[in-house]
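Below is one structure, written out as structure tokens; comments come after it.
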Amino acid sequence: MLIALSIIISYLIGSISFSYLITKKIKKIDIRKTGSGNAGATNTMRVLGTKWAVGVLLLDVIKGIVCVLIARAIGLPEWAVAFSGLAAIVGHDFPVYFGFKGGKGVATTIGVFFMIMPLYALIAGVLTILIIAITRFVSLGSLFFLLLTPVLGWFFNDYSAGVLIIAFLISILAYYQHRANIVRLIHGKENKLGHKKIQA
């Protein structure tokens, strides 16, 4: 019962779309219908600017952190803690409050990964920042982080099979959400950070 409760609570917390709420409040528009159409920090930067994008990013990261903390506070096993993190990400991607159309879950995944695999998430995060700084492709850096973190956990065998399976499920979900970005990267049509042209 506690595991089910944690998963439900995590999904509901994850479903809070800060990019949607903030953009709606400030510009009276649905962020999912402008820019790239994604309800996340990168599109918030395009629509509202860097200051608001940083706020959205931090709030989405905190969602993942809070859900993991709640799961641990009620004494769940680590695989269930990771599952609660996954539920938060699913909520962000498919929010019940907003017609199940949300973002791609990167920021919330960052919060979850830093809580369940802190060292490997840190290593992957530093390398991701370098990749984004060099290439200007946020999506490429995100995809790198999303895969490298669980791969490091698997390679060094520091985590249970349950935690690793859930971590890779998180990565698979994220890659599915980024499928259009992957196609654009392959064809050299992906937007670079700071460019004004928007790919829908």
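For what it's worth, UniProt numbering labels the leading residue of the sequence shown as 1, then goes sequentially. Cβ coordinates follow ideal geometry from the N, Cα and C atoms, glycine included.
In this structure, DSSP gives residue 78 a helical state, which the three-state scheme calls helix. If the five residues before and after residue 96 are omitted, its C-beta is found closer than 6 angstroms to the C-beta atoms of 15, all from its own chain and listed in chain order. Here residue 171 is not near residue 140, since their CB atoms are 8 angstroms or more apart.
Non-local C-beta neighbours of residue 38 in its own chain, meaning closer than 7 angstroms and more than five positions away in sequence, comprise 103, 104, ordered along the chain. When rounded, the separation of the alpha-carbon atoms in residue 158 and residue 166 is 14 angstroms.
Between residue 84 and residue 6 the beta-carbon gap is near 5 angstroms, inside 8 angstroms, which marks them as a contact. A Cβ-Cβ contact shorter than 8 angstroms links residue 68 with residue 115. In the three-state DSSP reduction, residue 92 falls in the helix class (H, G or I). The C-beta separation of residue 107 from residue 41 comes to about 6 angstroms, placing the pair in contact by the 8 angstroms criterion. Residue 80 holds the alpha-carbon nearest to the alpha-carbon of residue 9 among 180, 80, 190, 143. Its Cα nearest to that of residue 24, the residue 48 stands out among 63, 1, 48. In terms of CA proximity to residue 56, 21 leads the group 21, 73, 65. When secondary structure is reduced to three states using DSSP, residue 43 falls in the helix class.
In this structure residue 64 touches residue 109 by the C-beta definition: roughly 7 angstroms separates them, less than 8 angstroms. Per DSSP, the unbroken alpha helix (DSSP H) holding residue 115 starts and ends at 106-116.
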